[in-house]
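Residue numbers (my numbering): 4 to 161. Think of the CB as a built atom: it goes at the ideal place given N, C-alpha and C, for glycine as much as any other residue.
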């Protein structure tokens with residue numbers, strides 16, 4: 004299986020919203036792992052939704068909410084517009100590499116918190132669930148505080 008070419012990474016988020024919930028994002032790195040397999044190209048007959056386009060637009064909106072760096076929403080659009088979903092993707096392997104790197108670099112009190120957003124149009128696999136379980140175990144081994152590593156799963160499409 005081919006791996007997604009690269010996650011979309013937004014480093015050093017600075018949030019412009021003043022609410023306490025959003026203000027915590029300024030201390031986090033956010034990494035988007037976007038499924039770029041060929042199934043993201045399909046078009047729903049009833050709604051006309053194309054997961055790839057929907058993911059592009061919602062990712063651009065999300066980044067513009069929390070990033071004070073001008074046209075980053077447009078940069079996200081350009082990343083999506085510059086590629087097409089093809090082949091297959093192993094989301095579990097991509098997530099595993101990312102969290103392994105985070106644990107390898109983790110220094111208590113110095114490493115920023117990491118939020119990972121995994122976006123796909125497919126149901127998430129047992130392999131991905133096993134990767135999350137392993138991540139939780141490693142979080143305890145490396146004594147990474149619970150609030151320092153978050154993984155969110157977003158399923159797009161109709």
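Output needed for residue 134: all residues of its chain with C-beta closer than 6 Å, excluding positions within five of it in sequence on either side, in chain order.
95, 98 and 99
Is the CB-CB distance between residue 37 and residue 128 below 9 Å?
With contacts defined by Cβ atoms closer than 9 Å, residue 37 and residue 128 do not form a contacting pair.
Are residue 125 and residue 155 closer than 9 Å when you measure CB to CB?
With respect to residue 155, residue 125 sits apart: the two C-beta atoms are not nearer than 9 Å.
When you compare each of 146, 121, 57 and 109 to residue 35 by their alpha carbons, which one comes out closest?
121
Name the two residues that bound the continuous beta strand (DSSP E) containing residue 155.
152 to 158
Assuming the contact rule is C-beta atoms closer than 8 Å, residue 119 and residue 153 should be a hit. Round their C-beta distance to whole Å, please.
7 Å
Continuous alpha helix (DSSP H) stretch holding residue 123: start and end:
Counting along the chain, residue 123 falls outside any alpha helix (DSSP H), though it belongs to the beta strand (DSSP E) covering 116 to 123.
Less than 7 Å between C-beta atoms, sequence neighbours within five positions excluded: which residues of the same chain meet that for residue 31?
Same-chain partners within the cutoff: 16, 115, 116, 117 and 118.
What first and last residue would you give for the alpha helix (DSSP H) that runs through residue 31?
Element bounds for residue 31: not the alpha helix (DSSP H) but the beta strand (DSSP E), 31 to 37.
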